[in-house]
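Chemist:
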Ligand SMILES: CC(C)(COP(=O)(O)OP(=O)(O)OC[C@H]1O[C@@H](n2cnc3c(N)ncnc32)[C@H](O)[C@@H]1OP(=O)(O)O)[C@@H](O)C(=O)NCCC(=O)NCCS
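In our numbering, the protein residues as written are 1204 to 1512.
1) Using CA atoms only, rank isn't needed, just tell me which of 1306, 1293, 1290, 1225 is closest to residue 1273.
2) Nearest by alpha-carbon distance to residue 1204: which of 1467, 1378, 1325, 1337 is it?
3) Does at least one heavy atom of ligand 1 sit under 7 Å from the Cβ of residue 1500?
4) Considering just the uninterrupted stretch of the beta strand (DSSP E) at residue 1493, what are its terminal residues?
5) Rounded C-beta distance between residue 1460 and residue 1241? I'm assuming under 8 Å.
6) Could you give the distance in angstroms between the alpha-carbon of residue 1271 and the alpha-carbon of residue 1381?
7) How would you call residue 1480, buried or exposed, if buried means at least 16 neighbouring beta carbons within 10 angstroms?
8) Between residue 1312 and the rest of its own chain, which residues show a CB-CB distance below 7 Å, the 5 nearest in sequence each way excluded?
9) Where residue 1521 and residue 1428 are concerned, what is the direct C-alpha to C-alpha distance, given to the nearest angstrom?
10) Sort 1388, 1206, 1444, 1435 by Cα distance to residue 1409 and report the nearest one.
11) Once you ignore the five residues that flank residue 1340 on each side, which residues in its own chain have a CB closer than 6 Å to its CB?
12) Given 7 Å as the limit, tell me if residue 1406 has its C-beta closer than that to any heavy atom belonging to ligand 1.
13) From which residue to which residue does the beta strand (DSSP E) around residue 1349 run?
14) To the nearest angstrom, how far is it from the Cα of residue 1502 to the Cα of residue 1458?
15) Taking only beta-carbon atoms, is residue 1411 less than 8 Å away from chain B?
16) Grab me the residues of residue 1249's own chain with a C-beta within less than 6 Å of its C-beta, minus the 5 sequence neighbours each way, in chain order.
17) For residue 1484, count the other beta carbons within 10 Å of its own beta carbon; 16 or more makes it buried, fewer makes it exposed. Which is it?
18) Mind reading off the beta-carbon distance from residue 1338 to residue 1326? Whole number of angstroms is fine, and I expect it under 8 Å.
19) Going along the chain, which residues of its own chain have a beta-carbon closer than 7 Å to the beta-carbon of residue 1465, five neighbours each way excluded?
20) Does the stretch 1221–1239 touch the stretch 1252–1271, meaning 3 or more C-beta pairs lie closer than 8 Å?
21) Pick helix, strand or coil for residue 1318, following the three-state DSSP scheme.
22) Below 8 Å CB to CB, which residues in the same chain sit around residue 1420 once its five sequence neighbours on both sides are set aside?
23) Give me the residue from 1486, 1293, 1469, 1276 with the minimum Cα distance to residue 1350.
24) Is any heavy atom in ligand 1 found nearer than 7 Å to the beta carbon of residue 1439?
25) Can you tell me whether residue 1225 is helix, strand or coil according to DSSP?
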């Protein structure tokens, strides 16, 4: 018993911040950024807010869905770490604009880049109890509002985007999740106007823990690592993904890196990756898929999907 993906869309704003733009803003180089992160450019939301982007992504996701199914969406989770205002929550602000029924349980998750994994785990547990209902996750992050563009350690990394995924109960599928949370408030935090990050500590936390947690979740699910078709890892830094892939003697084919022209979009990177895998016809035939998110907290979550369609 588990869940399946019904619809997925991404919204990438038109604005761009390229490596050569950054070369003019801080002491860095295109070469350094490409080698250390894999990034070439980032999508920038400009005047658009996280709510604007969330509405665009959600509307497109629901465009092709029958009205009777939309009326059965009883759970709406927005994931974001880029609030302009803490209250009211973004999920409440978008219920009406995206056409959901008022009887929806709507709340936000702010656990940095791990939020999408937590949302998935909650959706699975919720739909197992209410099998006839649907759940919508809308992810929207605009970290450009909180980046100090004189700090070369953070400004090279982040992009803005939104994505939406709709989920339903599916008898044939199964999901197994493992989480790990450390209390490390000084590694990644918002200090007044800006994000302050010890990137290297996050890097070591991810590379140091991901392989073990991936192996653990496979063991728990009774799936051999070689039977996993796709490892969808938070697109924070290409080197983190490549390093984990190497530990499993694997490569881009199983550990895709697709954020080169988007940037690290925090809680949005995994649902964007879902849409990219659909575009590449990779999700349709996949049976075992691992999702992994990590970031502020420090937090790390891994979910193995035995079936997603
Ligand atoms: C931020 C990040 C790209 C930095 O790369 P790194 O390889 O860890 O680099 P370090 O921070 O160790 O710095 C190495 C050197 O490069 C320098 N440097 C840092 N940023 C630079 C930049 N943009 N351009 C040029 N040099 C830079 C540092 O000052 C340091 O110089 P030093 O050796 O003379 O002291 C990387 O740590 C990262 O992506 N971390 C994960 C971030 C993340 O996942 N965050 C969580 C939210 S999702």
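The C-beta atom is built at its ideal place from N, Cα and C for all residues, glycine as well. Owing to the predicted nature of the structure, the values given are computational and were not obtained by experimental measurement.
Modeler: On the basis of the coordinates in this document:
1) For the residues 1306, 1293, 1290, 1225, the minimum Cα distance to residue 1273 belongs to 1306.
2) The shortest Cα separation from residue 1204 among 1467, 1378, 1325, 1337 belongs to 1378.
3) Ligand 1 never approaches residue 1500 closely enough for any of its heavy atoms to be under 7 Å from the residue's Cβ.
4) From DSSP, the beta strand (DSSP E) with residue 1493 extends over 1491–1498.
5) Right, the Cβ-Cβ distance comes to about 6 Å (below 8 Å), so this counts as a contact.
6) A direct Cα-to-Cα measurement between residue 1271 and residue 1381 gives close to 34 Å.
7) So residue 1480 counts as buried.
8) Same-chain partners within the cutoff: 1280, 1282, 1318, 1321, 1322.
9) Outside the shown range of the chain, which is 1204 to 1512, sits residue 1521, and nothing can be said about it.
10) Among 1388, 1206, 1444, 1435, the Cα nearest to that of residue 1409 belongs to 1444.
11) Correct list, in chain order: 1280, 1322, 1368.
12) It does: the Cβ of residue 1406 is within 7 Å (strictly closer) of some heavy atom of ligand 1.
13) Taken as a continuous stretch (DSSP letters only), residue 1349 belongs to no beta strand (DSSP E), as it is neither H nor E.
14) Their Cα atoms are separated by approximately 20 Å.
15) Protein chain content of the structure displayed is limited to a single chain, and chain B is not contained in it.
16) Closer than 6 Å at Cβ, skipping near neighbours: 1218.
17) Exposed, by the Cβ-count rule.
18) In this structure residue 1338 touches residue 1326 by the C-beta definition: roughly 4 Å separates them, less than 8 Å.
19) Within the same chain, 1215, 1245, 1246, 1362, 1364, 1475 come within 7 Å of residue 1465 by CB-CB distance, once the 5 residues on both sides are set aside.
20) No contact exists between the stretch 1252–1271 and the stretch 1221–1239.
21) DSSP places residue 1318 within a helical segment (H, G or I) once states are collapsed to three.
22) Taken in chain order, the residues that qualify are 1379, 1380, 1381, 1493, 1505, 1506, 1507.
23) Among 1486, 1293, 1469, 1276, the Cα nearest to that of residue 1350 belongs to 1469.
24) Within the cutoff, so yes.
25) Helix at residue 1225.
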